[in-house]
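The sequence shown maps to residues 354 to 661 in this note's numbering.
Notes to accompany the following structure.
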Amino acid sequence: MFSVRVRRRGLEASYEFPWPVSIVAFMANPRFLKGEEVEETVRTIASDLFFDMIEVNPLKPEDWNAVERIAEDAGIAVAVGAQPLVLIEGRNPSSLDEGIRREAVRALMEVVDDAAAHGVASVALCSGPDPGVDRREDARRALLRSLEELADYAEERGVTIVLETFDRDWDKRQLIGPLDEAVEIAKALRREFDNFGLLWDLSHAPMLGERPDDLRRAAPYLAHIHVGCTKRMPGGELRDWHPGFYRPGALNGVEEVIELIRVLNEVGYEYAVGFEVKPEEGQEWLEVVNAAKGVLYTAFAQYVYELL
Numbered sequence: 354m355f356s357v358r359v360r361r362r363g364l365e366a367s368y369e370f371p372w373p374v375s376i377v378a379f380m381a382n383p384r385f386l387k388g389e390e391v392e393e394t395v396r397t398i399a400s401d402l403f404f405d406m407i408e409v410n411p412l413k414p415e416d417w418n419a420v421e422r423i424a425e426d427a428g429i430a431v432a433v434g435a436q437p438l439v440l441i442e443g444r445n446p447s448s449l450d451e452g453i454r455r456e457a458v459r460a461l462m463e464v465v466d467d468a469a470a471h472g473v474a475s476v477a478l479c480s481g482p483d484p485g486v487d488r489r490e491d492a493r494r495a496l497l498r499s500l501e502e503l504a505d506y507a508e509e510r511g512v513t514i515v516l517e518t519f520d521r522d523w524d525k526r527q528l529i530g531p532l533d534e535a536v537e538i539a540k541a542l543r544r545e546f547d548n549f550g551l552l553w554d555l556s557h558a559p560m561l562g563e564r565p566d567d568l569r570r571a572a573p574y575l576a577h578i579h580v581g582c583t584k585r586m587p588g589g590e591l592r593d594w595h596p597g598f599y600r601p602g603a604l605n606g607v608e609e610v611i612e613l614i615r616v617l618n619e620v621g622y623e624y625a626v627g628f629e630v631k632p633e634e635g636q637e638w639l640e641v642v643n644a645a646k647g648v649l650y651t652a653f654a655q656y657v658y659e660l661l
């Protein structure tokens, strides 16, 4: 939580950022994903009054106990990002092999169980790899089945399932993918389940050819937003590496975040806005976190200034 104080044309006022601010802990400190420095990382983030929420990967029981205790003491919320199960462990909820699909759903249901047991209200995931044009429609149908099963299971436990869109052509090469296709899936899910939404990441926008203004088409289904950067390599390739703002090759900056804030405000978005940034070689993890905070603060201040 933060606010900015702005003076223009003889007017002076303080404006509070309208959404909870979160951060992906296992991206900010890569050791977290390995089960290292978990308590230290959570305690550092929880003690920073800028943050209202922390996003964690599926945890060991002993780590859950520490996270739950620290978060409760600090009064911040916790969300679970299960993307590593898909991207790293290879669980594929859109697999055309029914056995593999069911195993992915089972593993994700276990994540839902852990989340519910620790009072966590949302679990995010990604679609699984794009199988190519010829098998894409079949994979979408398989993904829809998986999401229906997960949403039904999670609904009874008070948990929302959130699908994050990723690039299809550059790096992670996921089935979902373009925002318009994600919206079609969300429409289908929402006919039966209220506990389903979409996560859009500003970091992925350059790889998808999207801009914040595209979110107007997805507004009813947005459940979470990430803020960060794509990495452009010297040869022009794009990588989903989430470098810190204004690092060499980082795409996105204050202007793109201003545009995102403008659109979210205009469409009546109500949920969290979270950083997904990662230190590069030679960087301390708090360096990229504090740089991201500065970008969000500056973007919000400029947005408010333009409104006056």
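For every residue, glycine included, the Cβ atom is placed at its ideal position computed from N, Cα and C.
All figures in this text were calculated on a predicted structure; none of them were measured in a lab.
Item, Value
"CA-CA distance, VAL395 and ILE407?", "8 Å"
"From the DSSP output, read off the bridge partner residues of PHE628.", "ILE376, VAL580"
"Just tell me which of LEU542, ALA576, ASP405 has its CA closest to the CA of GLU617.", "Note on identity: in this sequence residue 617 is Leu, with Glu being the wrong assignment. For the residues LEU542, ALA576, ASP405, the minimum Cα distance to LEU617 belongs to ALA576."
"Where does the unbroken beta strand (DSSP E) through LEU516 begin, and where does it stop?", "513 to 517"
"In whole angstroms, what is the alpha-carbon distance linking GLU490 and TYR656?", "41 Å"
"For LEU364 and TYR658, I'd like the C-alpha separation in whole angstroms.", "10 Å"
"Who are the near neighbours of GLU390 in its chain, counting only those whose CB is closer than 8 Å to its CB and skipping five residues on each side?", "ASN382, ARG384"
"If you reduce the DSSP assignment to three classes, tell me which class SER447 lands in.", "coil"
"Taking the C-alpha atoms as reference points, what is the distance between LEU412 and GLY388?", "8 Å"
"Report the rounded CA-to-CA distance for GLU501 versus LEU461, giving the unit in angstroms.", "12 Å"
"Have a look at SER356 and ARG488 and give me their C-alpha separation to the nearest angstrom.", "48 Å"
"Roughly how many angstroms lie between the CA atoms of GLU563 and ASP483, to the nearest whole one?", "18 Å"
"Looking at the unbroken alpha helix (DSSP H) that takes in ARG361, where does it start and where does it end?", "Element bounds for ARG361: not the alpha helix (DSSP H) but the beta strand (DSSP E), 356 to 361."
"Does GLU609 pass the burial test, meaning 16 or more other C-beta atoms within 10 Å, or should it be called exposed?", "buried"
"If you draw a straight line from the C-alpha of LEU528 to the C-alpha of ARG454, how long is it?", "14 Å"
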